[in-house]
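A.B. asks: Numbering (the numbering used here), first residue to last: 55 to 456.
Below you'll find the structure I mean.
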Ligand code: FAD
Ligand code: DHB
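Right, dumping it as structure tokens:
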């Protein structure tokens with residue numbers, strides 16, 4: 055066997071998604087050392103097509119941390135969304151309902167690129183292409199991350215470990231099962247998502263409820279569309295040749311006076327299952343979970359990446375306070391503080407999902423109630439304000455422990 059190298063850092067971070075990279079960046083700004091290990095390659099994480107909507111608080115967090123240059127130049131500020139049903143489009147205006155808040159369309163992979171560039175430029179340590187990641191000693195004083203790379207074994211001795219390795223990572227399963235409670239809901243549908251080289255069909259993000267199922271019109275730039283349709287959870291992507299996708303999208307999103315959707319080359323196509331999941335607590339010993347490692351939401355409402363950013367804000371504050379003063383109160387309060395916000399985002403994502411999709415489990419009563427809900431949310435200013443307040447992102451203070 056080849057020799058084993060051991061390094062030391064203050065915070066060892068598993069996963070170079072938005073959570074792990076942002077934590078490493080924010081900690082460095084507080085003078086706290088970290089190492090990130092990632093089992094995929096740099097190109098893979100930079101090209102992974104995922105979320106696209108940034109809440110006002112996420113935009114502010116990234117900009118305040120010096121990550122705003124390309125985002126502000128290339129990101130698209132949006133002042134509202136559309137909700138379409140019964141052949142009509144209804145607009146929900148954010149600034150007028152939320153005291154001036156907006157959202158930005160900027161791909162998650164662009165945020166990841168900006169973070170990787172910033173970390174590497176500052177001399178930060180990100181180890182890509184690792185294998186067999188494992189964590190040890192989280193109940194003790196000095197936990198360790200182990201991994202293999204290029205045939206050699208490596209260890210990182212840490213004060214704390216941040217499990218930022220997503221839903222399928224190894225950190226959450228490293229916690230004894232009896233110490234965690236999981237809350238789970240699996241939905242009887244999925245999204246078929248497409249990235250296309252075509253003029254976006256709607257100026258603003260449009261959530262479309264139809265008798266044929268849900269559809270979502272979004273974008274990544276003035277010439278690139280991001281489009282989704284509801285499909286069965288076990289759908290085979292081979293059943294969706296490009297023309298069938300365009301035809302179905304057109305039927306589900308049609309409203310009065312709208313021009314037909316412009317088609318174009320499809321650059322990426324994938325199916326995302328829909329699930330709500332939360333694990334409590336988000337900490338065990340010296341391991342802290344953040345982002346998708348601790349919770350996932352169905353994507354309706356675009357909360358996934360934004361929640362990850364909120365977790366990381368809270369975790370950074372707690373770690374910074376500890377390294378500044380030795381006080382562990384912030385670390386001890388992290389899980390409760392993060393979960394208070396997580397559950398509100400869970401509620402919103404579940405509500406948007408059930409309001410907009412067709413479920414095979416729905417009774418005729420459920421369908422009528424669903425139509426009433428759509429009518430109400432697009433007709434009452436109070437209801438629109440509730441949607442808008444959650445969509446642009448609740449204030450971070452909402453996550454504070456009572
Ligand atoms: P991730 O982005 O999952 O990052 C975790 C990282 O850890 C990855 O880079 C992974 O490769 C790495 N990793 C995993 N295991 C290991 C290991 N053993 N060792 C080392 N590294 C490891 N949200 C929305 O708001 N809108 C959307 O449209 C949307 N679409 C999505 C589509 C898909 C297919 C998925 C999976 C998620 C989607 N989300 C969406 C959710 C959003 O992308 C996530 O909430 C966000 O990525 C969370 O960031 P994270 O850093 O916590 O986790
Ligand atoms: C996008 C994704 C979402 O989940 C959503 O609710 C809105 C937009 C997007 O990828 O652009």
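Yeah, the Cβ is synthetic: ideal placement off N, Cα and C, and Gly gets one too.
Given residue 440, which residues of its chain have a CB within under 6 angstroms of its CB, disregarding the five upstream and five downstream residues?
C.D. replies: In the chain shown, the residue the question calls residue 440 occupies position 386. Closer than 6 angstroms at the Cβ level, and outside the excluded window around residue 440, lies no residue.
A.B. asks: Using a C-beta cutoff of 7 angstroms, does residue 362 count as contacting chain D?
C.D. replies: The chain inventory of the structure shown lacks chain D, comprising one protein chain alone.
A.B. asks: Considering only heavy atoms of ligand 1, does any lie closer than 6 angstroms to the CB of residue 287?
C.D. replies: Along the chain shown, read from residue 1 onward, the residue named residue 287 stands at position 233. Incorrect: residue 287 has no Cβ contact closer than 6 angstroms to ligand 1.
A.B. asks: Excluding the 5 residues preceding and the 5 following residue 59 in the sequence, name in chain order all residues of the same chain whose CB lies nearer than 6 angstroms to its CB.
C.D. replies: For the purposes of this step, residue 59 is identified with residue 5 of the chain shown, where counting begins at 1. Closer than 6 angstroms at the Cβ level, and outside the excluded window around residue 59, lie 208.
A.B. asks: Identify whether residue 456 lies in helix, strand or coil by the three-state DSSP scheme.
C.D. replies: Here residue 456 refers to the residue found at position 402 when the chain shown is read from its first residue. Residue placement at residue 456 cannot be trusted, given a pLDDT of 32 that sits under 50; what the coordinates show is reported in the next sentence. Residue 456: coil per DSSP, three-state reduction.
A.B. asks: With distances taken between CB atoms, is the gap from residue 309 to residue 138 smaller than 7 angstroms?
C.D. replies: For this step, residue 309 is matched to residue 255 along the chain shown. For this step, residue 138 is matched to residue 84 along the chain shown. Yes, Cβ-Cβ distance for residue 309 and residue 138 is below 7 angstroms.
A.B. asks: Using a Cβ-based criterion (distance less than 6 angstroms to any ligand heavy atom), does residue 106 qualify as near ligand 2?
C.D. replies: Looking up residue 106 in the chain shown gives position 52. Yes.
A.B. asks: DSSP three-state label for residue 6, please.
C.D. replies: In the structure as shown, the chain starts at 55 and stops at 456, and residue 6 therefore has no counterpart that could be examined.
A.B. asks: May I ask which residues mark the beginning and end of the alpha helix (DSSP H) holding residue 73?
C.D. replies: Counting from one through the chain shown, the residue named residue 73 turns up at place 19. Unbroken alpha helix (DSSP H) run through residue 73: 72-83.
A.B. asks: Starting from the C-beta of residue 376, find all residues in its chain whose C-beta is less than 7 angstroms away, skip the five residues before and the five after it, and write them out in chain order.
C.D. replies: On the chain shown, position 322 is the one that residue 376 refers to. Answer for residue 376: 382, 384, 385, listed in chain order.
A.B. asks: Can you tell me whether residue 370 is buried or exposed? The criterion is at least 16 other CB atoms within 10 Å of its CB, across all chains shown.
C.D. replies: Locating residue 370 in the chain shown gives position 316, where the first residue counts as 1. Label assigned to residue 370: buried.
A.B. asks: Which runs of the beta strand (DSSP E) at least 3 residues long sit entirely within the region 181-241? Give them in chain order.
C.D. replies: Here the runs fully enclosed are 185-190, 198-203, 206-211, 214-217.
A.B. asks: With residue 111 as the anchor, note down where its alpha helix (DSSP H) starts and where it stops.
C.D. replies: The sequence position of residue 111 within the chain shown is 57, counting from 1. Residue 111 -> alpha helix (DSSP H) spans 110-118.
A.B. asks: Hey, is residue 415 close to ligand 1, as in C-beta under 6 angstroms from one of its heavy atoms?
C.D. replies: For the purposes of this step, residue 415 is taken as residue 361 along the chain shown, with counting starting at 1. No, the Cβ of residue 415 stays beyond 6 angstroms of every heavy atom of ligand 1.
A.B. asks: How many angstroms separate the CA atom of residue 132 from the CA atom of residue 159?
C.D. replies: As a working mapping, residue 132 is identified with position 78 in the chain shown. As a working mapping, residue 159 is identified with position 105 in the chain shown. Their backbone Cα atoms lie some 7 angstroms apart in a straight line.
A.B. asks: Closer than 7 angstroms by C-beta to residue 273: which residues in its own chain qualify, once you throw out the five before and the five after it? Chain order, please.
C.D. replies: Numbered from its first residue, the chain shown carries residue 273 at position 219. Closer than 7 angstroms at Cβ, skipping near neighbours: 159, 254, 279, 280.
A.B. asks: Between residue 400 and residue 351, which are expected to be in contact by the criterion C-beta below 8 angstroms, what is the C-beta distance as a whole number of angstroms?
C.D. replies: If you number the chain shown from 1, residue 400 lands on position 346. If you number the chain shown from 1, residue 351 lands on position 297. Sure, about 6 angstroms apart at Cβ, within 8 angstroms.
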